[in-house]
Amino acid sequence: MVKKTIEEINERIRRGDAVVVTAEEMVEIVKSKGAVAAAKEVDVVTTGTFGAMCSSGAWLNFGHADPPIKMQRVWLNDVEAYTGVAAVDAYIGAAQLSETRGFDYGGGHVIEDLVRGEEIHVRALAYGTDCYPRRELETTITIHDLNQAVLLNPRNAHQRYVAATNSRKETIYTYMGTLLPEFRNVTFAGTGELSPLNKDPTYRTIGTGTRIFIGGAQGYVVWEGTQHDPKRELGTLMTVGDLKEMSPRYLRGANIHRYGTSLFVGIGIPIPILDEDLARTAGRSNEEIKIDLLDYGVPRRDRPVLKQLTYAELWEGKIELNGREVPVSPLSSLKVAREIAEKLKELIERGEFSLTAPVRQLPVDMEFRPMKQPTRIITAGAVMTREVVVGRPEDPITKAARIFAEKNFDHLPIVDDENRVIGIVTSWDIAVSVGKGKQKLSEIMTRQVITAREDEPIDAVARKLDKFGISGVPVVDARGRLRGIVTSDDISKLIGGGRK
Amino acid sequence: MTRRILLRYSAEKAAEPVLASVIKETGVLVNILYADMDTKGGEILISVKDSDAERIFSALSKRGIEFQEIKDAIRVDWDSCVHCGACVSLCPTKALYLKEDASLGLDEQKCVLCEICVPACPVRALKIPRL
Ligand code: SF4
Ligand code: SF4
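These protein sequence lines map, in sequence, to chains R and G.
According to the numbering used here, the first sequence is numbered sequentially starting from 13.
According to the numbering used here, the second sequence is numbered sequentially starting from 6.
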């Protein structure tokens, strides 16, 4: 039995003879020599990850102005920071959007600009008190003008993440990136065998007080991260580090197209190899680390798992899905993650980074629970009109015109023999077809029909109407057969009727 | 020097052996860089020798095929790129890909300047060339 202590390993680091390898190197060592030999040989395994982590942000302290102000609201380059604490403290969150530049600039970019030493425009408002009389303030600062600039991230370094694809007929824009229609691409996050928590999945050596590499500086693990879900191997970390020591190489503002802004955070954690068990877990390979492929086309909390994959399969750059080859995008940078693991290795070898034992273990038995919601979810099936007048592709246009004139609606789904929706005609289509010599509905119908499913929450349907600028959608079952129709009127009635 | 031509097929043209007959007629060696075709039509990106380009253009026009010469490729700002790979699965021609060492690669020959990748880059490292 190999048994080492962190003190012993630190002593070796001080003497300059500790054996340090990256997590990828460890995978090879354990594969070829086994965990026992690996535990004897290796003292420290370095890990790395570099991905967009929205649950990140920084605490800033501006110092007092004269006359002083108790900031009630504050903006940095037009991105609002949270100031519901003492007078001149504020938290700038990575995902907060600029009020003037929208999706193009957000909190993540403010943090990157601070790290780059750029000038930041600060604007603040206050109600004024006897001790803080000032009500408005405008100034320009750089990171050097701040008393503290501390990166404090509530949730980083997910142990594993998910892979995403999209069953819908249209492209969707998600925090998992741009997902093409009908399963045409897959994206995934996490660095697999390089990812810190995968290498010590019961958190024996990673806990409160563990010294880590973060954003190019040395920082610490504070606590388990929010949504920490150890039972499902979905642990997370809350991390902290001094923004003033960080580098834009490992901390980058990000735009997730039509989703929002975020922050790429580089994190590396050293795993001391205290015994064979740790050697074994630190040697876990991409083949052994599973990841679920979810359908983000389903706008629900519990998205269906389409397939279970491994990180090894995803790093191949393509997977097979429904008999087709589908290209894969990672969203975390393997290249920078490797660079971080290498850099951490060098720091330890040079004696510039020593290990710390956690002063509090992370929980291994808690669960991540869903939100307690006061309302039940209203689905398209519950509000749709079930009696729908339909047309056939071969019907004359005049028939549709008559229907629209007689009944008070303006969407006519066109169905085939099996009641499957193959098109839709609106009163507008009829109006513009006049005098064009067209006869049949098939000549004027829209064939790319946006539809909803019966179990789709009404919020998701409303979002569809909004996104495509349409006023109604046919509701279909799994095989595309017409079940009803939901219009924007149905939805506004619902909202007007007081959704409690 | 080679020149790159993007052919666009309608559903009707997709059913005809257009490219084969162009090759047969002109005798030009055509290199197919990328093809995405089904019964609804599609696109084919070819490259030909500079000296053959005019003959190919006229053979294509004769057959009523829509085409466009692609003279440039997307630019990667290598100082900004973080090699996250978000762009690669969106690229229809696989012009963007991840190399063995996990860094981003761009095969300029294959780029059809569709610009799909541009907004998807989280650090805005992909730029449309301004001619
Ligand atoms: S999405 Fe942008 S940063 Fe990521 S690999 Fe492509 S060009 Fe580089
Ligand atoms: S412009 Fe289109 S073809 Fe060119 S690299 Fe980007 S996605 Fe690929």
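Even glycine gets a Cβ: it sits at the ideal position worked out from N, Cα and C.
Same chain, Cβ closer than 8 Å to residue i, neighbours up to 5 away in sequence not counted
| i | result |
| --- | --- |
| R:I503 | V395, I470, V473, A474 and L477 |
| R:D125 | N89, I132 and G265 |
| R:A70 | Y103, I104, I123, L126, A161, V162, L163, L164 and L255 |
| R:I218 | P208, L209, D212, V233, L249, I281, I283, P370 and L374 |
| G:L50 | R9, I10, L11, L12, I37, L38, Y39, A40, I75, T98, K115 and V117 |
| G:D103 | According to the sequence shown, residue 103 of chain G is Leu rather than Asp. Same-chain partners within the cutoff: H88, G90, V93, L109 and G110. |
| R:L206 | T34, A35, E36, T59, G60, T61, L346, A349, R350 and A353 |
Residue i and residue j closer than 9 Å at C-beta
| i | j | result |
| --- | --- | --- |
| G:S15 | G:R68 | no |
| R:V56 | R:I25 | yes |
| R:R493 | R:V437 | no |
| R:D90 | R:S110 | yes |
| R:I360 | R:A99 | no |
| G:I70 | G:K18 | yes |
| R:A294 | R:E257 | no |
| G:D57 | G:L34 | yes |
| R:A175 | R:L306 | yes |
| R:R135 | R:V86 | yes |
| R:L333 | R:V444 | no |
| R:A353 | R:T58 | yes |
| R:G484 | R:I497 | yes |
| R:T458 | R:G435 | yes |
| R:F9 | R:L356 | Absent from the structure is residue 9 of chain R, since the part of chain R shown begins at 13 and ends at 512. |
| R:G75 | R:G363 | no |
Residue-chain proximity (residue i, chain R), Cβ-Cβ < 9 Å
| i | result |
| --- | --- |
| G:S94 | yes |
| G:V137 | Because chain G in this structure spans residues 6 to 136, residue 137 of chain G falls outside the shown range and cannot be described. |
| G:Y102 | yes |
| G:G90 | yes |
| G:S108 | yes |
| G:Y39 | no |
| G:W128 | The residue you asked about is not Trp; residue 128 of chain G is Val in the sequence shown. Chain R contact via Cβ: present. |
| G:V87 | yes |
| G:K29 | no |
| G:K125 | One detail in the question is off: residue 125 of chain G reads as Ala in this sequence, not Lys. With 9 Å as the cut-off, G:A125 counts as an interface residue toward chain R. |
| G:K99 | yes |
9 Å Cβ cutoff, residue i in contact with chain G
| i | result |
| --- | --- |
| R:L356 | no |
| R:G510 | The pLDDT assigned to R:G510 is 44, lower than 50, so where the model puts this residue is not dependable; a value taken from the coordinates is nonetheless given after this. Output row for R:G510: interface = no. |
| R:K181 | no |
| R:F62 | yes |
| R:N165 | no |
| R:L192 | yes |
| R:V91 | no |
| R:P339 | yes |
| R:T154 | no |
| R:N210 | no |
| R:V198 | yes |
| R:G335 | no |
| R:V461 | no |
| R:G189 | yes |
| R:G329 | yes |
Cβ shell of residue i (< 7 Å), same chain only, five flanking positions each side left out
| i | result |
| --- | --- |
| R:I184 | N178, L191, Y308 and G309 |
| R:A266 | A64, G120, T273, S274, L275 and F276 |
| G:L95 | I121, C122 and A125 |
| R:Y144 | P80, I81, K82, A99 and A138 |
| R:E19 | none |
| R:G510 | Model confidence at R:G510 stands at a pLDDT of 44, short of 50, so the residue's coordinates are unreliable and nothing is read from them. |
| G:K54 | T7 |
Residues near residue i in its chain [Cβ-Cβ closer than 6 Å; skip 5 each side]
| i | result |
| --- | --- |
| R:D101 | N73 |
| R:G393 | E466 |
| R:C66 | A106, A107 and S274 |
| R:A77 | L149 |
| R:F380 | Q239 and D241 |
Chain B residues whose Cβ lies nearer than 8 Å to that of residue i
| i | result |
| --- | --- |
| R:V437 | Judged by its chain identifiers, the structure shown contains no chain B, and its protein chains are R and G. |
Heavy atom of ligand 4 within 8 Å of residue i beta-carbon
| i | result |
| --- | --- |
| G:L101 | This structure does not include ligand 4; its bound ligands are ligand 1 and ligand 2. |
- prompt: Touching or not, the stretch 341-348 of chain R and the stretch 80-92 of chain G, by the rule of three or more beta carbon pairs under 8 Å?
  reply: yes
Under 9 Å (Cβ pairs) to chain G, residues found in the stretch 105-129 of chain R: D116
query: Is it true that the stretch 279-298 of chain R meets the stretch 211-224 of chain R, where meeting means three or more beta-carbon pairs spaced less than 8 Å apart?
result: yes
query: Between the stretch 265-291 of chain R and chain G, which residues of the former have a C-beta closer than 7 Å to a C-beta of the latter?
result: A266, N267, I268, H269 and F276
task: May I ask you to verify whether the stretch 241-253 of chain R touches the stretch 26-39 of chain R, counting CB pairs closer than 8 Å and requiring at least 3?
output: no
- prompt: Of all the residues that make up the stretch 22-41 of chain R, which are near chain G by a beta-carbon distance shorter than 8 Å?
  reply: none
field: Selection of the stretch 342-371 of chain R by Cβ proximity to chain G, strictly under 9 Å
entry: P342, L343, S344, S345, L346, K347, V348, A349 and R350
task: Note down, in chain order, all residues in the stretch 291-311 of chain R with a beta-carbon under 9 Å from any beta-carbon belonging to chain G.
output: none
query: Would the stretch 399-406 of chain R and the stretch 452-465 of chain R be scored as touching if the rule is three or more Cβ pairs under 8 Å?
result: yes
- request: Please confirm if the stretch 112-120 of chain G is in contact with the stretch 374-394 of chain R, defined as three or more CB-CB distances below 8 Å between the two stretches.
  value: no
message: With a threshold of 8 Å, are at least 3 pairs of Cβ atoms found where one atom belongs to the stretch 91-105 of chain G and the other to the stretch 122-131 of chain G?
response: yes
query: Along the stretch 223-239 of chain R, what residues have a CB closer than 9 Å to any CB found in chain G?
result: none
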